Structure formats: C-alpha cells, structure tokens
Amino acid sequence: MTHPTPTPIPARPDFPVTWEQPDDALMCWTLDRMHFPDPMSPLEDAFMRIMAEHGFNSAAAGYALPVRFQARRINTYHYEAIVPLRLPPEELEALGRQSEEMLGAAMARLEELWE
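Residues in the sequence shown are numbered from -14 upward in steps of one, following our numbering.
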C-alpha cells in the first residue's frame, strides 16, 4: 500500500503559525478545547509536556505502540498530535501486532495490576 507524502495545511492569514520544529507543519494537530479551553501560559505548557508527553510516550514504548504523543502551544492554545514512529511499514505493522498482544495481556490482568 502506498501512502501519500504528507503536505502542510496552509495557515490562515488571521492565525499565523510559527512551528517549533519544521516537521510540525506536517502533523495533524488537534485543539483540546475540553481540557484546555483557555489560553495556556508557557509554564502550563511546560508542565503539560512533562506530564503528557513523558507519561504517554513511556507507556507507549513499554507496550510497543507504534505511535507517540506530542503537544505544542500554538498561539497560546494547547494542541496535540498522535504521531506514528518513523519506521518502515512492515516494522510498524509488527509493532502493532506486538502491542495488541501486550495490551491484551495487560487488560486480562487489569484488576490485578490496578491493586
């Protein structure tokens, strides 16, 4: 299966974006209005990244998930992206199978692990 090459979505003139990393322009960012409806200070952003990026990505690596979480403060608002690892498709598929097995085993023991 051939995947299209990602291309950036042009920024609106009334919402200019300065990307933190050049590849950020290629990601699908979502605005999390439920949890972060108001502008976020740089300090809040720093805490959010430590909590969410480190926490999610540590768990994702532990369960062989082929994705990682990224957060950005864009024009004072909190945006998130779930990004696939940059691996060949067959490696992503293998990780996906491995993560399904690992997560299935963990879910079967959820009550035990929770206690």
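Cβ atoms here follow ideal geometry from the backbone N, Cα and C, with glycine treated the same way. The structure displayed is predicted, hence computed values, not measured ones.
(request) Consult DSSP for Pro69 and reduce its assignment to one of helix, strand or coil. (result) As a working note, residue 69 is residue 84 in the sequence shown. Strand at Pro69.
(request) Give me the Cβ distance between Ala49 and Met92, rounded to the nearest whole Å; I'm assuming they're in contact under 8 Å. (result) Stepping through the sequence shown from its first residue, residue 49 is reached at position 64. Stepping through the sequence shown from its first residue, residue 92 is reached at position 107. Not confirmed; about 15 Å, so no contact.
(message) Are the CB atoms of Ala66 and Ala79 within a distance shorter than 9 Å?
(response) Working through the sequence shown from its first residue, we reach residue 79 at position 94. Working through the sequence shown from its first residue, we reach residue 66 at position 81. Not in contact: Ala79 and Ala66 (Cβ atoms no closer than 9 Å).
(message) Output needed for Trp42: all residues of its chain with C-beta closer than 7 Å, excluding positions within five of it in sequence on either side, in chain order.
(response) Along the sequence shown, one-based indexing puts residue 42 at 57. In the sequence under discussion, the amino acid at residue 42 is Asn, which differs from the Trp named in the question. Around Asn42: Arg53, Phe54.
(message) Could you tell me which whole beta strand (DSSP E) segments of length 3 or greater appear in the stretch 17 to 69?
(response) Counting whole runs of 3 or more residues, the stretch 17 to 69 contains the beta strand (DSSP E) stretches 52 to 59, 62 to 69.
(message) Applying the 10 Å Cβ sphere with the 16-neighbour rule, what's the burial state of Met12?
(response) Against the sequence shown, residue 12 aligns to sequence position 27. With 16 or more other Cβ atoms from the protein chains shown falling within 10 Å of its own Cβ, Met12 counts as buried.
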